[in-house]
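One structure below.
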Amino acid sequence: MGMLIFCHACNLYVQIVSLPVFLLLPTEALRNVWVLKQAYASIKEHPHEMRPETESLYLMRMFRAQRNFYITGFSLFVWFVLHRLISLLSEHAKMRASEEASIKQAQSATAAAERLLDQSKVNDSDTEDVYPDTVEALKDELLKLTKKFESEEIAHKKTKQDLETLRKQTLQTNTEYDRVTQECQKLQYRLQMLESSSTSKKAD
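With positions in the sequence shown counted from 1, the corresponding number in the numbering used here is that position plus 57.
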């Protein structure tokens, strides 16, 4: 539970507090790059007004602005990775909490079922006297389910027998196919021998 609260707090911090900062920094760095490019282009249009050290100064500032833009852009990428990691941790914590709750619920249900089973063994006759309609309905439902199970079992056995019969028929068909193939090969061989013999006699 504590892990879930911690992940939820981290997720809120990442989404509400840090996201605007990580979006603002690359935007500001990109704006600085654009401003310096415009200023440098304006100076290049008037070379007679530019001093020797002016171009080096603008190029150095532009390099720093581009460097800041790349750093802040990478920081934004790291933010997305961090957000995904926190989301996965939060989902894992939720699953753990849900699993623990399910285990506790199953244990409680098992304990309750055992208590009811013990009570039903002790008070079976009393239950039939107090709830005769309910007991009769449960018996009818149990009888229906038993009959349905028996019919399903019979159908399953029949299907299994049909599959076994089909398998045997398939094996017999394969055996017959092999036999016919061998007979066909023998007949072809005999036909070739007869043709060879006939050709030899004609040649003589």
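A virtual CB, placed ideally from N, CA and C, is assigned to each residue, including glycine.
Just so we're clear, the structure is a prediction, and the values are computed from it rather than from any experiment.
Cβ-Cβ distance between residue i and residue j below 8 Å
i, j, result
"residue 123", "residue 78", "no"
"residue 86", "residue 115", "no"
"residue 94", "residue 119", "yes"
"residue 132", "residue 82", "yes"
"residue 136", "residue 75", "yes"
Alpha-carbon spacing of residue i relative to residue j, whole angstroms
i, j, result
"residue 148", "residue 154", "10 Å"
"residue 232", "residue 152", "57 Å"
"residue 200", "residue 209", "14 Å"
"residue 80", "residue 157", "39 Å"
"residue 241", "residue 251", "15 Å"
"residue 195", "residue 202", "10 Å"
"residue 168", "residue 207", "31 Å"
"residue 205", "residue 165", "31 Å"
"residue 234", "residue 253", "28 Å"
"residue 239", "residue 246", "11 Å"
"residue 73", "residue 140", "12 Å"
"residue 221", "residue 228", "11 Å"
"residue 236", "residue 197", "58 Å"
"residue 214", "residue 248", "51 Å"
"residue 225", "residue 218", "11 Å"
Residue closest to residue i, alpha-carbon to alpha-carbon, out of the options
i, options, result
"residue 126", "84, 104, 165", "84"
"residue 92", "104, 228, 121, 103", "121"
Buried or exposed (CB count within 10 angstroms, at least 16 for buried), residue i
i, result
"residue 129", "buried"
"residue 185", "At residue 185 the pLDDT is 48, less than 50, meaning the model places this residue with poor confidence; the figure from the coordinates comes in the next sentence. Exposed, by the Cβ-count rule."
"residue 187", "Any reading at residue 187 needs caution, since the residue's pLDDT is 49, under 50, leaving its predicted position unreliable; the model's value is listed next. The residue is exposed, with fewer than 16 neighbouring Cβ atoms inside 10 Å."
Below 8 Å, how does it come out for the region 97-113 and the region 143-162: are there three or more Cβ pairs, yes or no? no
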